[in-house]
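Below is one structure, written out as structure tokens; the observations come after it.
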Amino acid sequence: MKKIKKINRKWAILAVFNVGFITASISTSIIYSKNVQDNQQNNNLTNFITNIESLKQVSQNYINNEINSVNNWSNYISIENKNLDNALDYLRKINTNKKRYAHIIDMDNFEAYSSFYPKGEEKITIYEKYFYDNITEYEHSFKNNMLKIFNEQSSLTVLGKYAIPETSGGQALSVGKRVTIKTDNGNKDYLLLRVIPIDEIQKNWIFPTAYKSAEVGIITRKGDYVIQSSSMKSMSFLEFIRGYNFQDDYNKVYELGNLIESTDSGTLYYNNSKSEKCVWYYSSFDENSELDILGCIRYDELQTTNKDWLIVLIICGTILLLGIVDGIYLKNINKKLKESAEEAKQANKAKSYFLSAMSHDIRTPLNAILGMTYIAKNNLDNPDYAKECLNKSSAASQQLLTLINDILDISKIESGKLFLTYQTTSISSVFDTLTEIIKPLALNKKITFTHNLHNIDYNYVSTDKSRLEQICLNLLSNAVKYTNEHGKINLDISEKKLNDEEVLLIIIVEDNGIGMSEEFQKTMYQSFTKEINTQVNKTQGTGLGLYIIKLIVDAMGGKISCNSKVNIGTKFKIELNLKIVETPENIDTDKEIDYKKLKGLHILVAEDNKLNREIIQTILQDNEIECELTENGLECINKLLEGPSNTYNAIIMDVHMPIMDGISATKIIRKGHKEFDEIPIIAMTADAFKEDINNCLEAGMDAHLAKPINVKVLLDLLYNLTENK
Numbered sequence: 198m199k200k201i202k203k204i205n206r207k208w209a210i211l212a213v214f215n216v217g218f219i220t221a222s223i224s225t226s227i228i229y230s231k232n233v234q235d236n237q238q239n240n241n242l243t244n245f246i247t248n249i250e251s252l253k254q255v256s257q258n259y260i261n262n263e264i265n266s267v268n269n270w271s272n273y274i275s276i277e278n279k280n281l282d283n284a285l286d287y288l289r290k291i292n293t294n295k296k297r298y299a300h301i302i303d304m305d306n307f308e309a310y311s312s313f314y315p316k317g318e319e320k321i322t323i324y325e326k327y328f329y330d331n332i333t334e335y336e337h338s339f340k341n342n343m344l345k346i347f348n349e350q351s352s353l354t355v356l357g358k359y360a361i362p363e364t365s366g367g368q369a370l371s372v373g374k375r376v377t378i379k380t381d382n383g384n385k386d387y388l389l390l391r392v393i394p395i396d397e398i399q400k401n402w403i404f405p406t407a408y409k410s411a412e413v414g415i416i417t418r419k420g421d422y423v424i425q426s427s428s429m430k431s432m433s434f435l436e437f438i439r440g441y442n443f444q445d446d447y448n449k450v451y452e453l454g455n456l457i458e459s460t461d462s463g464t465l466y467y468n469n470s471k472s473e474k475c476v477w478y479y480s481s482f483d484e485n486s487e488l489d490i491l492g493c494i495r496y497d498e499l500q501t502t503n504k505d506w507l508i509v510l511i512i513c514g515t516i517l518l519l520g521i522v523d524g525i526y527l528k529n530i531n532k533k534l535k536e537s538a539e540e541a542k543q544a545n546k547a548k549s550y551f552l553s554a555m556s557h558d559i560r561t562p563l564n565a566i567l568g569m570t571y572i573a574k575n576n577l578d579n580p581d582y583a584k585e586c587l588n589k590s591s592a593a594s595q596q597l598l599t600l601i602n603d604i605l606d607i608s609k610i611e612s613g614k615l616f617l618t619y620q621t622t623s624i625s626s627v628f629d630t631l632t633e634i635i636k637p638l639a640l641n642k643k644i645t646f647t648h649n650l651h652n653i654d655y656n657y658v659s660t661d662k663s664r665l666e667q668i669c670l671n672l673l674s675n676a677v678k679y680t681n682e683h684g685k686i687n688l689d690i691s692e693k694k695l696n697d698e699e700v701l702l703i704i705i706v707e708d709n710g711i712g713m714s715e716e717f718q719k720t721m722y723q724s725f726t727k728e729i730n731t732q733v734n735k736t737q738g739t740g741l742g743l744y745i746i747k748l749i750v751d752a753m754g755g756k757i758s759c760n761s762k763v764n765i766g767t768k769f770k771i772e773l774n775l776k777i778v779e780t781p782e783n784i785d786t787d788k789e790i791d792y793k794k795l796k797g798l799h800i801l802v803a804e805d806n807k808l809n810r811e812i813i814q815t816i817l818q819d820n821e822i823e824c825e826l827t828e829n830g831l832e833c834i835n836k837l838l839e840g841p842s843n844t845y846n847a848i849i850m851d852v853h854m855p856i857m858d859g860i861s862a863t864k865i866i867r868k869g870h871k872e873f874d875e876i877p878i879i880a881m882t883a884d885a886f887k888e889d890i891n892n893c894l895e896a897g898m899d900a901h902l903a904k905p906i907n908v909k910v911l912l913d914l915l916y917n918l919t920e921n922k
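Just add 197 to the spot in the sequence shown (first one is 1) and you have my numbering.
Here it is in structure tokens:
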């Protein structure tokens with residue numbers, strides 16, 4: 198027991214010793230640090246003052262040089278007995294520094310002239326207000342300084358700060374000299390000023406990087422600003438100090454003003470506009486000067502913390518912190534590596550699924566195209582059967598084109614290249630288009646298709662019509678596809694007014710088809726996603742439709758929702774906020790085009806691919822349209838120049854061709870041959886992205902026709918572009 202007490206006593210002594218030693222070390226370090234900090238702070242303040250004094254000398258030399266320049270101007274003009282016009286001409290010539298301006302002021306009426314402006318436009322009005330007595334205290338001070346310079350009462354007096362017209366209201370200061378100008382009534386004294394933009398002086402004020410918050414200005418002995426830094430607020434330095442330190446104690450302001458005016462230099466401790474304690478140092482330029490340089494720095498920047506006594510603690514703490522950070526970092530790295538590996542695995546899986554899905558969905562219609570074409574060739578003696586085979590081949594081609602367009606849509610959307618083209622759109626016209634397309638599809642499957650357009654108070658809205666029709670047709674096509682014979686499909690379109698500028702367009706597509714499981718609905722907006730269902734697997738589809746619909750609806754700022762149950766049906770609802778457009782007075786309505794009017798047109802075609810030339814030639818000839826074929830842009834231009842300018846009614850131009858492409862050919866036709874300015878040029882190309890279309894239009898083409906060629910679109914373009922020509 199005694200041994201234990203002894204050990205405990207030794208432990209207690211050791212603990213007391215350790216505590217005492219640590220306490221003494223800390224106390225000594227604090228005292229030492231405080232002394233070092235005070236000394237360092239004094240040194241920092243001395244260095245700051247030294248820097249301000251150096252900047253004062255730089256500024257004084259700078260201003261003296263400017264005064265010498267204006268003295269030389271004045272002496273020369275006075276000796277040469279120049280009149281006002283000649284004096285201004287001389288100043289324009291001699292003043293080679295474009296950042297300096299010369300003003301001549303008539304002190305009888307304060308009319309002024311600037312050599313900056315051309316002859317006849319020299320007169321400026323910025324000094325005329327000083328002619329009157331009802332001016333502010335600051336303006337009185339400014340006027341007195343002008344008179345002091347004019348009467349040569351001070352060797353170093355400047356005018357500042359004030360806005361000048363030469364720099365569109367930029368701040369400047371001036372030095373001046375009395376000058377004698379020849380007039381019709383004899384010689385007369387004027388005030389000649391050399392005007393210097395303030396930022397030109399400030400460029401010479403360079404502080405050591407250690408003084409991050411340091412600022413410099415120039416004030417008069419009465420506390421008015423000559424050059425005002427960003428932290429120096431109010432109309433004068435005294436007003437600034439009062440507003441942020443004394444409030445309404447004008448006695449202290451009066452004492453501060455007397456102190457600055459009666460002493461050559463001094464150090465002040467006042468808050469800035471952010472209530473931060475600052476050190477202010479002022480110093481007079483010389484005995485006869487009206488100017489003081491004024492420096493400012495935050496008080497805490499002059500303070501330093503002695504770090505010697507903390508060095509061991511910092512090292513140990515740093516090592517410990519590094520250990521903790523490294524541990525957390527390595528853990529994060531491992532987590533991210535696992536996540537990356539999983540993402541790569543999923544990406545490979547998605548890639549494999551994509552290739553598998555594309556292989557199946559491309560080969561299926563391709564097999565139908567090749568197979569039906571083969572069967573048609575072998576049954577030419579049976580025209581009806583051969584025609585049926587070709588119709589099936591055409592349908593499969595359309596299916597393949599739809600798949601390719603879907604993939605291109607996804608590429609555009611995911612790469613941020615989907616551009617919505619907003620235009621005035623008729624809701625009723627969109628409704629009619631949808632019903633006309635879906636009616637025969639529904640009839641073919643013996644499906645009852647009902648449609649309702651109601652509460653449309655604002656028929657014309659601003660939206661992307663083609664994208665609006667695309668999302669509706671995708672939903673309606675899916676409804677037809679996944680609804681059994683004798684089923685029902687309903688299209689309902691209505692509006693709800695949001696405010697005076699917007700309506701909410703509500704589109705509902707509802708069917709009593711096979712429906713979707715809850716599990717599938719969680720992923721149905723992902724690409725290449727199809728319900729695993731024997732009924733679905735019988736139906737051709739890429740699994741891209743809903744994904745594209747969701748992306749387009751999101752791009753249009755809308756919402757899409759779905760309610761579906763297996764073997765009961767599906768209901769999709771789309772809501773889009775659309776801007777109301779006033780009913781156009783001369784809105785174009787869909788009209789039947791009489792393609793017989795195209796008969797006799799003479800079209801020039803530029804296409805390098807032989808098969809494509811044959812296709813376009815046959816399409817045109819079937820519609821009794823004459824055409825001439827060329828194989829590149831150069832041939833097209835030569836052919837165009839062979840005959841009169843009205844030989845051809847239009848040009849169909851491929852974009853990618855050897856020797857000369859379609860873009861280059863179009864630019865030459867438009868810019869080099871004015872007689873062909875108005876001939877319509879239609880781009881015929883497989884480039885179908887928005888930027889490709891824009892490139893064609895910017896080159897001077899009138900329209901864009903995407904391959905594979907849609908005959909109706911081609912004929913419509915020819916009709917619209919040649920109707921009035």
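The C-beta atom is built at its ideal place from N, Cα and C for all residues, glycine as well.
From a predicted model like this one, the values you see are computed outputs, not experimental measurements.
Exercise. Near residue 766, which residues of its chain fall below 6 Å by C-beta distance, leaving aside the five closest residues on each side in sequence?
Worked result: For the purposes of this step, residue 766 is identified with residue 569 of the sequence shown, where counting begins at 1. The beta carbon of residue 766 sits closer than 6 Å to those of 708, 709, 710, 712, all from its chain and outside the five residues before and after it, given in chain order.
Exercise. Taking DSSP as the reference, what is the three-state secondary structure of residue 243?
Worked result: Taking the first residue of the sequence shown as position 1, residue 243 is located at position 46. Assigned with DSSP and collapsed to three states, residue 243 falls in helix.
Exercise. DSSP on residue 291, reduced to helix/strand/coil?
Worked result: Residue mapping note: residue 291 aligns to position 94 of the sequence shown, counting from 1. Annotated three-state conformation of residue 291 is helix, per DSSP.
Exercise. Any contact of the region 749–768 with the region 690–698, i.e. 3+ C-beta pairs under 8 Å?
Worked result: Between the region 749–768 and the region 690–698, the count of C-beta pairs closer than 8 Å stays below three; the two stretches do not touch.
Exercise. Any idea what DSSP makes of residue 286, helix, strand or coil?
Worked result: On the sequence shown, position 89 is the one that residue 286 refers to. DSSP places residue 286 in the helix class (H, G or I) of the three-state scheme.
Problem set entry | beta strand (DSSP E) runs wholly inside the region 756–824, at least 3 long, in chain order | Positions of the beta strand (DSSP E) runs, each at least 3 residues long and wholly inside the region 756–824, are given as 756–762, 766–777, 799–803 in order along the chain.
Problem set entry | Rounded Cβ spacing between residue 880 and residue 850 (contact assumed at less than 8 Å) | One-based indexing of the sequence shown puts residue 880 at position 683. One-based indexing of the sequence shown puts residue 850 at position 653. Yes, they are in contact, since the Cβ atoms of residue 880 and residue 850 sit about 6 Å apart, within 8 Å.
Exercise. Cβ of residue 428 within 8 Å of Cβ of residue 401?
Worked result: Stepping through the sequence shown from its first residue, residue 428 is reached at position 231. Stepping through the sequence shown from its first residue, residue 401 is reached at position 204. Against a cut-off of 8 Å, the Cβ pair of residue 401 and residue 428 comes out as no contact.
Problem set entry | Three-way DSSP call (helix, strand, coil) for residue 490 in this model | Along the sequence shown, read from residue 1 onward, the residue named residue 490 stands at position 293. Three-state result, residue 490: strand.
For this session: Helix, strand or coil for residue 454, going by three-state DSSP, please let me know.
Result: Looking up residue 454 in the sequence shown gives position 257. The three-state reading of DSSP puts residue 454 in helix, counting H, G and I together.
Problem set entry | With 16 other Cβ atoms within 10 Å as the buried cut-off, status of residue 263 | For the purposes of this step, residue 263 is identified with residue 66 of the sequence shown, where counting begins at 1. So residue 263 ends up on the buried side.
For this session: Taking residue 368 as the reference, give the member of 482, 383, 394, 892 with the closest Cα.
Result: Position 171 of the sequence shown, counted from the first residue, corresponds to residue 368. Considering only alpha carbons, the answer is 394.
Exercise. Counting along the chain, where does the beta strand (DSSP E) carrying residue 620 start and finish?
Worked result: By 1-based counting over the sequence shown, the position of residue 620 is 423. Element bounds for residue 620: 620–623.
Exercise. Can residue 356 and residue 338 be called in contact, C-beta distance under 8 Å?
Worked result: One-based indexing of the sequence shown puts residue 356 at position 159. One-based indexing of the sequence shown puts residue 338 at position 141. Contact flag unset, no.
For this session: Throw me the rounded Cβ distance for the residue 701 and residue 772 pair, which I believe falls under 8 Å.
Result: Taking the sequence shown and counting its residues from 1, the one referred to as residue 701 is at position 504. Taking the sequence shown and counting its residues from 1, the one referred to as residue 772 is at position 575. Contact flag correct, Cβ pair sits at about 6 Å.
Exercise. Hey, how far is the Cα of residue 706 from the Cα of residue 589?
Worked result: Here the question's residue 706 lines up with position 509 in the sequence shown. Here the question's residue 589 lines up with position 392 in the sequence shown. Taking the straight line joining both Cα atoms gives about 29 Å.
Exercise. What residues in its chain sit with their C-beta under 7 Å from that of residue 500, if we drop five residues either side in the sequence?
Worked result: Here residue 500 corresponds to residue number 303 of the sequence shown, with the count starting at 1. Listed in chain order, the non-local C-beta contacts of residue 500 below 7 Å within the same chain comprise 234, 238, local neighbours out to five positions each way being set aside.
For this session: Determine, using beta-carbon pairs with one atom in the region 317–324 and one in the region 409–428, whether at least three such pairs fall under 8 Å.
Result: Touching, no.
Problem set entry | In DSSP terms, what residue 881 is bridged to | Translated into the one-based positions of the sequence shown, residue 881 becomes position 684. The beta-bridge partner set that DSSP reports for residue 881 consists of 851, 902.
Problem set entry | Residue environment, residue 877, which counts as buried when at least 16 other CB atoms sit within 10 Å | The count along the sequence shown starts at 1 and reaches residue 877 at position 680. The residue is buried, with at least 16 neighbouring Cβ atoms inside 10 Å.
Exercise. According to DSSP, is residue 707 helix, strand or coil?
Worked result: Stepping through the sequence shown from its first residue, residue 707 is reached at position 510. Strand, per DSSP.
Problem set entry | Span separating the alpha-carbon of residue 671 from that of residue 864 | In the sequence shown, the residue the question calls residue 671 occupies position 474. In the sequence shown, the residue the question calls residue 864 occupies position 667. Straight-line Cα distance between these residues: approximately 39 Å.
For this session: Run the CB neighbour count on residue 721, radius 10 Å, all protein chains shown included, and call it buried at 16 or more, exposed below.
Result: For the purposes of this step, residue 721 is identified with residue 524 of the sequence shown, where counting begins at 1. Counting Cβ neighbours within 10 Å, residue 721 comes out buried, since at least 16 surround it.
Problem set entry | Pair within 8 Å by beta-carbon distance, residue 628 and residue 690 | Indexing the sequence shown from 1 puts residue 628 at position 431. Indexing the sequence shown from 1 puts residue 690 at position 493. Remark: C-beta atoms of residue 628 and residue 690 approach each other more closely than 8 Å.
Exercise. Thinking C-beta only, is residue 825 closer than 8 Å to residue 808?
Worked result: Position 611 of the sequence shown, counted from the start, is the residue given in the question as residue 808. Position 628 of the sequence shown, counted from the start, is the residue given in the question as residue 825. Judged by beta-carbon spacing, residue 825 lies beyond the 8 Å limit of residue 808, meaning their Cβ atoms are not closer than that value.
Exercise. What did DSSP end up calling residue 411 once you bin it into helix, strand or coil?
Worked result: If you number the sequence shown from 1, residue 411 lands on position 214. Correct three-state label for residue 411: coil.
For this session: For residue 417, name the three-state secondary structure that DSSP assigns.
Result: The count along the sequence shown starts at 1 and reaches residue 417 at position 220. Three-state DSSP puts residue 417 in a strand.
Exercise. Anyone know if the C-beta pair for residue 646 and residue 635 falls short of 8 Å?
Worked result: Translated into the one-based positions of the sequence shown, residue 646 becomes position 449. Translated into the one-based positions of the sequence shown, residue 635 becomes position 438. The Cβ atoms of residue 646 and residue 635 sit closer than 8 Å to each other.
Exercise. Is it buried or exposed for residue 858, if we count other Cβ within 10 angstroms and need 16 for buried?
Worked result: As a first step, residue 858 must be located in the sequence shown, where it is residue number 661. Residue environment: residue 858 is assigned as buried (16 or more neighbouring CB atoms within 10 Å of its CB, all protein chains considered).
For this session: Within the region 615–664, note down every full beta strand (DSSP E) run reaching 3 residues or more, in order along the chain.
Result: Secondary structure remark: continuous beta strand (DSSP E) runs of at least 3 residues inside the region 615–664, in chain order: 620–623, 645–651, 657–660.
Problem set entry | Segment limits, beta strand (DSSP E) that includes residue 308 | The residue you call residue 308 lines up with position 111 of the sequence shown. From DSSP, the beta strand (DSSP E) with residue 308 extends over 308–311.
For this session: Going by DSSP, name the residue or residues bridged to residue 691.
Result: Mapped onto the sequence shown, residue 691 falls at position 494. DSSP, once it has assigned bridges, lists 651, 703 as partnering residue 691.
For this session: Select from 456, 820, 476, 498 the residue whose C-alpha is nearest the C-alpha of residue 791.
Result: By 1-based counting over the sequence shown, the position of residue 791 is 594. Closest by alpha carbon: 820.
Problem set entry | Host alpha helix (DSSP H) of residue 435 (start-end) | To locate residue 435, count along the sequence shown from 1; it is residue 238. Taken as a continuous stretch (DSSP letters only), the alpha helix (DSSP H) holding residue 435 covers 434–438.
For this session: Would you list, in sequence order, the uninterrupted beta strand (DSSP E) runs of no fewer than 3 residues that lie entirely inside the region 321–363?
Result: Runs of the beta strand (DSSP E) lying entirely within the region 321–363, each at least 3 residues long, are 356–361 in chain order.
Problem set entry | Pairwise C-alpha distance: residue 248 and residue 437 | As a position in the sequence shown, residue 437 is number 240, starting the count at 1. As a position in the sequence shown, residue 248 is number 51, starting the count at 1. Those two C-alpha atoms are separated by around 24 Å.
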